[in-house]
Each structure stands twice: as structure tokens, then as C-alpha cells.
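Visitor: Those letters in the sequence shown? Residues 11 to 335, per my numbering, in order.
Before I ask anything, here is the structure I am working with.
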Amino acid sequence: MQSQRDGNLQHDERGETGHELALAAEEMAVQLELVKLADEELPLGVAYKRFLDLAHRAIAFEHGTLHVTEWGSGRLVPVAVRGNSIDLADQVRFARGRGLSAWVAQEGRPVVIPDPQTRAERSPFQDGGLRAFLAFPLVQNGMVAGVLALARSDRIFTPDEFARLGRVSESLAGCLGRLRRTARLRELVYQDPDTGMSNHHHFLARVEEELQRARQHAVEFTVAVVQLEGTPVRDQWPMVETITRRLSGSMRSCDLAVTFGSGRWGLLLAGVSPDRAASVVDRIRADVRQAAGVHLRVGLAASADAPASAQALLDRAVAALSAPA
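This is the structure in C-alpha cells:
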């Protein structure tokens, strides 16, 4: 009998040890994936989604929202969702914004409901579909870079799970910090400070990407250069603002409108032939003429002309600037 009990105990210990080793291996894998994610040059929205997926590997949840701290204002804003967007007390205003996640960012300490140290038999939430909520601050160099707001409907967050999240939180915060710094630097390099539009550097980078895509997949796109006619730009700043808004509002999500300064803008129309691009630009010119009473000259250049580089395609569009309609 004693031998059987000893055998069962050894089996349980081996099983427990194996489970712990598996969890430790998964934690290490998540940390390595976070390092890789921080080094990848992904669109920020895609990177944030991947970040939430890795957080889910560290601690399982049904619904999760990643909040980040805005540069300058320090306010907390949601940037990615897995499942449904989740927060508590979202009508309550705190210094960093609305909701319990904003309070967590403000105080720099987590909130877990119900407390995993208690044995609550009844859900503390009026919403019967919610069983547990966790808001965890991601702190780097003493500053809250973001907050993970997580929820489940089937069970509470256990002390072991909370501890596991704590162990990977440094890697999570480090990855998030690098993603945000890289995006901020790119924004400063690619954004015109006066209008908030993308600038010449961003335009050439995007055109180069589209050229590579066109060579690989036989798709086409068109570049347009738009020039304001009339008196010096410094005397027409309200008109420049109007044109900027009209151009930006006319673009699809896959297109790009940028400012070159001095009353000149660039448009990248993805998947659009020169004929279709001419129709699009004609509508924009008519819209601007009606709204601001000014004329625009436009030059078009197509990827089908097989330019050697993004700059070469842009130069063709500049050379093709036409007379006003």
C-alpha cells in the first residue's frame, strides 16, 4: 500500500513538474516572440494585433483591449482589440481618460476582479456574461506605456496566471515601448509639422513599395502632382488648408496624399490606371475650385511606364504638370 502511494506521489510530481516546464517554455517562447516583434517593421496596427495575440499566449482571455499612452497628453487610448472591446466604469473620468484602465494607467498598479485570493462563488458583475476582469499596467523605465484590459466569462484569473503575466510583463512593456518609439520616430520623419499630412520622404517610401509590388504582381498605380496656381502661398494659407483637407478626404485607405510644401501636393492612387486617375483628379480640381475659388495644375505619371525608381516616377509627374482646366 505504501509503495502504491509513493508511486502515485512520484507520478503526480512528475506530472506537475512536466506541466511547470511546459509553462516555463511557453513563457520563454512568448518573450522571444516579443523581441522579434519589436524588431519587425510592421504597420503599427498589425503590430498591436500581434502584441495582443502574444499576450493571449501568456494569459488566456476571451476579450482583450490594448491601450497605449498618447505622446504629449498622456491620455490612454485603445489601439487594438481581441474578441470584444472591454473596460469597466467607462463612463467615469480619470486623469488619464475614461474607464478603469485609465485609473490603472494613472496609479500604475493592476486591478483584478474578483480578487484571485478570494473564493467568490458568485460573479461580482451585473453582466452575467462576464466572470473576471483584469487591467494590467505595462511599465517601462517607471512610466506606464500602456494597459492590458482582459476579461473572461468562464472563470476567474488565478494567482498563478497573474504571476505568469507579471513575469512576462517586462518583455511586454519593452516590446510595446519599442513599437511606439519606432512609430513616433517614423511619424516625425514622415509628417509635415504644419499640415499634419505625410511629407516627401513618406511619399517616396510608399511609391517605392508600390513599385516593388507592381513588378512582382503586375498591378498598376498612378502618381499625381498637384500645384496651386495664383498668388504666393504665404498669402493663401486658408486656401492651402482647404485644399489639404479636400485632398486627404478624397483618398481611399490604400491611397496616400502628401504635401511637398510651397503649394504643391502629391497623390498616390493604388491600383488605378492613368485614365481613372485623371477622372479622380478632375473631380478634386472641380471640388477645390468650387470650395476655395482657386485653380490647380496636375501632372500624372503611371507605373506602367516602368520607371527606374520612385524619384524617377515623381519627376515624370512634375514634368507633366498641365495647364489649369
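Glycine included, C-beta positions come from ideal geometry on N, C-alpha and C.
On the criterion of 16 or more Cβ atoms from any shown chain inside 10 Å, does Asp315 qualify as buried, or is it exposed?
Guide: Counting from 1 along the sequence shown, the entry for residue 315 is found at position 305. Result: exposed.
Visitor: Runs of 3 residues minimum, wholly inside the segment 195 to 262: which ones carry the beta strand (DSSP E) assignment?
Guide: 231 to 238
Visitor: For the alpha helix (DSSP H) containing Phe270, name the first residue and the last one.
Guide: Within the sequence shown, numbered from 1, the residue matching residue 270 stands at position 260. Run containing Phe270: none in the alpha helix (DSSP H); it sits in the beta strand (DSSP E), Leu266 to Gly271.
Visitor: My output table needs one value for Phe61: the three-state DSSP class, helix, strand or coil.
Guide: For this step, residue 61 is matched to residue 51 along the sequence shown. In the structure shown, Phe61 sits in a helix (DSSP, three-state: H, G or I).
Visitor: Specify, as a first and last residue, the run of the alpha helix (DSSP H) that Pro147 falls within.
Guide: Numbered from its first residue, the sequence shown carries residue 147 at position 137. According to the DSSP assignment, Pro147 belongs to no alpha helix (DSSP H) but to the beta strand (DSSP E) extending over Ala142 to Gln150.
Visitor: Is the Cβ-Cβ distance between Ser179 and Leu44 less than 8 Å?
Guide: As a first step, residue 179 must be located in the sequence shown, where it is residue number 169. As a first step, residue 44 must be located in the sequence shown, where it is residue number 34. The answer is no: Cβ separation not under 8 Å.
Visitor: What are the partner residues of Val308, as DSSP defines its beta bridges?
Guide: On the sequence shown, residue 308 is found 298 positions in, with the first residue counted as 1. BP columns for Val308 point to Val236.
Visitor: Going residue by residue through the segment 42 to 128, where are the continuous alpha helix (DSSP H) segments of at least 4 residues, counting only ones entirely within it?
Guide: Complete alpha helix (DSSP H) runs here, min 4: 54 to 68 and 110 to 117.
Visitor: Whose CA, out of Glu220, Val78, Val217 and Ala329, lies closest to the CA of Val157?
Guide: For this step, residue 157 is matched to residue 147 along the sequence shown. Per the Cα distances, Val78.
Visitor: Which residues bound the alpha helix (DSSP H) around Leu331?
Guide: Sequence index remark: in the sequence shown, residue 331 carries index 321 (1-based). Looking at the DSSP string, Leu331 is not in any alpha helix (DSSP H), and its letter there is neither H nor E.
Visitor: Report all residues from its chain with a CB closer than 6 Å to the CB of Ala142; omit the five preceding and five following residues, and keep chain order.
Guide: Here residue 142 refers to the residue found at position 132 of the sequence shown. Excluding residues up to 5 positions away in sequence, Arg162, Ile166 and Phe167 lie with their Cβ nearer than 6 Å to the Cβ of Ala142 in the same chain.
Visitor: Look at Thr255 and Ile294 and say whether their C-beta atoms are less than 8 Å apart.
Guide: For the purposes of this step, residue 255 is identified with residue 245 of the sequence shown, where counting begins at 1. For the purposes of this step, residue 294 is identified with residue 284 of the sequence shown, where counting begins at 1. Checking the sequence shown, residue 255 turns out to be Arg, not Thr. For the 8 Å CB-CB criterion, Arg255 and Ile294 do not form a contact.
Visitor: Relative to the C-alpha of Pro53, which residue among Leu64, Arg190 and Glu218 is closest?
Guide: Reading the sequence shown from its first residue, position 43 is the one you call residue 53. It is Arg190.
Visitor: Could you give the DSSP three-state label for Val298: helix, strand or coil?
Guide: Residue numbering aside, residue 298 sits at position 288 when the sequence shown is read from its first letter. Note: Val298 maps to helix in three-state DSSP.
Visitor: Does the segment 219 to 228 come close enough to the segment 101 to 115 to have 3 or more Cβ pairs within less than 8 Å?
Guide: no
Visitor: Kindly say whether Asp285, judged by its beta-carbon, lies nearer than 8 Å to any beta-carbon of chain C.
Guide: The structure shown contains no chain C; it holds only a single protein chain.
Visitor: Cβ-heavy atom distance between Gly74 and the ligand MG below 7 Å?
Guide: Looking for the ligand MG in the displayed structure turns up nothing, as the structure carries no ligands at all.
Visitor: Between Asp202, Arg85 and Ser272, which lies nearest to Val236 when the distance is taken from Cα to Cα?
Guide: Residue 236 sits at position 226 when you count from the first residue of the sequence shown. Closest option to Val236, Cα to Cα, is Ser272.
Visitor: Exposed or buried, Val199, counting other C-beta atoms within 10 Å across all chains shown (16 or more means buried)?
Guide: Here residue 199 corresponds to residue number 189 of the sequence shown, with the count starting at 1. Classification of Val199: exposed, given that the 10 Å Cβ count is below 16.
Visitor: If the criterion is Cβ atoms closer than 8 Å, does the pair Cys185 and Ala48 meet it?
Guide: To locate residue 185, count along the sequence shown from 1; it is residue 175. To locate residue 48, count along the sequence shown from 1; it is residue 38. The answer is yes: Cβ separation under 8 Å.
Visitor: Apply the 10 Å Cβ neighbour rule to Trp275 and answer buried if 16 or more other Cβ atoms are within range, or exposed otherwise.
Guide: Sequence index remark: in the sequence shown, residue 275 carries index 265 (1-based). Trp275 comes out buried.
Visitor: Could you tell me which of Gly187, Leu214 and Val308 sits nearest to Met153, measuring between CA atoms?
Guide: Here the question's residue 153 lines up with position 143 in the sequence shown. Here the closest residue by C-alpha is Gly187.
Visitor: Could you tell me if Ala320 is buried or exposed, where buried requires 16 or more neighbouring beta carbons within 10 angstroms of its beta carbon?
Guide: Numbered from its first residue, the sequence shown carries residue 320 at position 310. Under this definition Ala320 is a buried residue.
Visitor: Can you tell me whether Met207 is buried or exposed, with buried defined as 16 or more other CB within 10 angstroms of its CB?
Guide: For the purposes of this step, residue 207 is taken as the residue at position 197 of the sequence shown. Met207 should be labelled buried.
Visitor: Cα-Cα, which of Cys264, Arg194 and Arg119 is closest to Phe172?
Guide: Looking up residue 172 in the sequence shown gives position 162. That would be Arg119, whose Cα lies nearest to the Cα of Phe172.
Visitor: Taking Arg223 as the reference, give the member of Val122, Glu72 and Ser313 with the closest Cα.
Guide: Locating residue 223 in the sequence shown gives position 213, counting from the first residue. When each option's Cα is compared against that of Arg223, the closest is Ser313.
Visitor: How about Val40 and Leu76: are their beta carbons less than 8 Å apart?
Guide: Here residue 40 corresponds to residue number 30 of the sequence shown, with the count starting at 1. Here residue 76 corresponds to residue number 66 of the sequence shown, with the count starting at 1. No, these two residues do not count as a Cβ contact at 8 Å.
Visitor: By Cβ distance below 6 Å, which residues in the same chain neighbour Cys264 in space, the five residues on each side in sequence not counted?
Guide: Locating residue 264 in the sequence shown gives position 254, counting from the first residue. Correct list, in chain order: Ala280.
Visitor: Between Val304 and Pro203, what straight-line distance do the alpha-carbon atoms span, to the nearest angstrom?
Guide: As a first step, residue 304 is located in the sequence shown; it is residue number 294 there, counting from the start. As a first step, residue 203 is located in the sequence shown; it is residue number 193 there, counting from the start. Going from the Cα of Val304 to the Cα of Pro203 covers about 24 Å.
Visitor: Determine the DSSP secondary structure at Gly303, reduced to helix, strand or coil.
Guide: To locate residue 303, count along the sequence shown from 1; it is residue 293. Three-state result, Gly303: coil.
Visitor: Please classify Thr27: is it buried, with 16 or more other beta-carbons within 10 angstroms of its beta-carbon, or exposed?
Guide: Within the sequence shown, the letter at position 17 stands for residue 27. Flag for Thr27 reads exposed.
Visitor: How is Ala316 classed by DSSP in three states: helix, strand or coil?
Guide: By one-based count along the sequence shown, residue 316 stands at place 306. Coil, per DSSP.
Visitor: Between the beta-carbon of Val282 and the beta-carbon of Val291, is there less than 8 Å?
Guide: Numbered from 1 along the sequence shown, position 272 holds the residue referred to as residue 282. Numbered from 1 along the sequence shown, position 281 holds the residue referred to as residue 291. Contact: no.
Visitor: So for Gly187, helix, strand or coil by DSSP?
Guide: To locate residue 187, count along the sequence shown from 1; it is residue 177. It is helical.
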